[in-house]
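Counting with our numbering, you get residues -2 to 293 for the letters of the sequence shown.
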Amino acid sequence: MSQSRSHLMSAVLRAIRIHQWTKNLLIFIPLIMAHKVANEEPLLRGSLAFLAFGLFASATYVLNDLIDLERDRKHPKKSARPLASGAVSVGAAWTLAVLLLAGGLAASWFLPRPFLWIVGGYFAASLLYSLRLKKIVLMDVMTLALFYTLRIFAGSVACAVPVSSWLLAYSIFIFFSLALLKRYSELKALTHEEGAFTGRGYRKGDLEPLAQLGTASGYLSVLVLALYVSSDEVTALYSHPRILWLLCPVMLYWISRIWLLAHRGSIPDEPIVFALRDRASYAAGAAAGLIVWTAS
-2 MSQSRSHLMS AVLRAIRIHQ WTKNLLIFIP LIMAHKVANE EPLLRGSLAF
48 LAFGLFASAT YVLNDLIDLE RDRKHPKKSA RPLASGAVSV GAAWTLAVLL
98 LAGGLAASWF LPRPFLWIVG GYFAASLLYS LRLKKIVLMD VMTLALFYTL
148 RIFAGSVACA VPVSSWLLAY SIFIFFSLAL LKRYSELKAL THEEGAFTGR
198 GYRKGDLEPL AQLGTASGYL SVLVLALYVS SDEVTALYSH PRILWLLCPV
248 MLYWISRIWL LAHRGSIPDE PIVFALRDRA SYAAGAAAGL IVWTAS
């Protein structure tokens, strides 16, 4: 492969934000919670749903960059994005978006029809977010939290595994906290003290209430987790359910830490990028996995 093709491939991967596909691992959460990961057929359908959701999501990222092209070219950081920098042409971006959508539809065709409605709803909501909702204070973060939760529903439908009301409640609070963290980190990175956050409607003075809302929502997710651990559902699924109480301090530590680091300005504007590079996050995830395995 020539150097020019290598650069183009790298630019395309950045344009579709392949690292964001880690969010789609949420599709497997219903399987994990129901202890059906070892079942071959549901796992295969979950993998296909992972691919389909990733292709649809990447299409929305490309379309969002097309919508924000002029604004991104004036942004100190976003001007380096493939479309804004010219590494990927506008024509190539439109072609890429169409191919991604076609691939997503093809993958979805082999899954239950309700999955196609969910992923289609996600795509439509993503476009609405890019065009309007991201400019409305708090509605933007609520929409981002919804996108995370939709991935769990998509996995439930694709794998034919019911979603627990406990999982739904936990998802609402933890994802709302992470969405607020993203917006807080972006606002924290601003150098000017006055004026609205360009294209968003937030102001520098909103940092404190955003942090309060985000930490409160994160701690509520831990409360839901504690209530779930003491429920009858856990007794039916786990041999040693009391061990799961150890998940609560792990979650309390992780949530408190990321918000403390965000307050210090040590988290980039995309929390998922931080988590993928953060050793403490990996350690917390490993600890949580060990706790669940021991309790099974």
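Where a beta carbon is used, it is the ideal one built from N, C-alpha and C, also for glycine. In this text the structure is predicted, and so the values were computed from the model without any measurement.
For V219, the uninterrupted alpha helix (DSSP H) run begins and ends at L204 to V226, by DSSP. R261 carries a coil assignment under DSSP once its states are collapsed to helix, strand and coil. If only complete runs of 4 or more residues are kept, the segment 8 to 69 shows the alpha helix (DSSP H) at 26 to 30 and 37 to 64, in order along the chain. Close CB contacts of R180 within its chain, under the 6 angstroms cut and outside five residues either way in sequence, are with V138 (chain order). Under the three-state reduction of DSSP output, R78 falls in the coil class, being neither helix nor strand. When C-alpha distances from I115 are compared across V270, N21, R148 and D203, the shortest belongs to R148.
S76 and W256 have their C-alpha atoms some 27 angstroms from each other. Judged by DSSP secondary structure, E183 falls within the alpha helix (DSSP H) whose first and last residues are S162 to K185. In the DSSP assignment, F150 falls within the unbroken alpha helix (DSSP H) covering M136 to C156. Per DSSP, the unbroken alpha helix (DSSP H) holding I269 starts and ends at P268 to R274. Around the beta carbon of K131, 16 or more other beta carbons sit within 10 angstroms, so the residue counts as buried. Taking one beta carbon from each stretch, the segment 43 to 54 and the segment 78 to 92 have fewer than 3 pairs nearer than 8 angstroms; the two do not touch. Using a C-beta cut-off of 8 angstroms, the segment 25 to 43 makes contact with the segment 154 to 170, since at least three inter-stretch Cβ pairs fall below that distance. DSSP places R129 outside both helix and strand once states are collapsed to three, so it counts as coil. Residue environment: L177 is assigned as buried (16 or more neighbouring CB atoms within 10 Å of its CB, all protein chains considered). With contacts defined by Cβ atoms closer than 8 angstroms, A12 and A90 form a contacting pair.
With a cut-off of 8 angstroms on Cβ pairs, the segment 57 to 71 is not in contact with the segment 35 to 42, counting fewer than three such pairs. Note on F150: 16 or more other CB atoms within 10 angstroms of its CB, so buried under the neighbour-count rule.
With a threshold of 16 other beta carbon atoms within 10 Å, D69 meets it and is buried. Judged by beta-carbon spacing, I64 lies within the 8 angstroms limit of S127, meaning their Cβ atoms are closer than that value. A distance of 8 angstroms or more separates the beta carbons of P39 and V160. The C-alpha of T212 is placed about 10 angstroms away from the C-alpha of S218.
The Cβ-Cβ distance between S168 and T140 does not fall below 8 angstroms. Around the beta carbon of D203, 16 or more other beta carbons lie within 10 angstroms, which makes this residue buried. Taken atom to atom, the span from the alpha-carbon of F173 to that of F144 is near 10 angstroms. Excluding sequence positions up to five before and after S105, its CB lies within less than 7 angstroms of the CB of A49, F112, L113 and V116, all in the same chain and listed in chain order. Closest by C-alpha distance to Y119, out of I133, L135 and G101, is G101.
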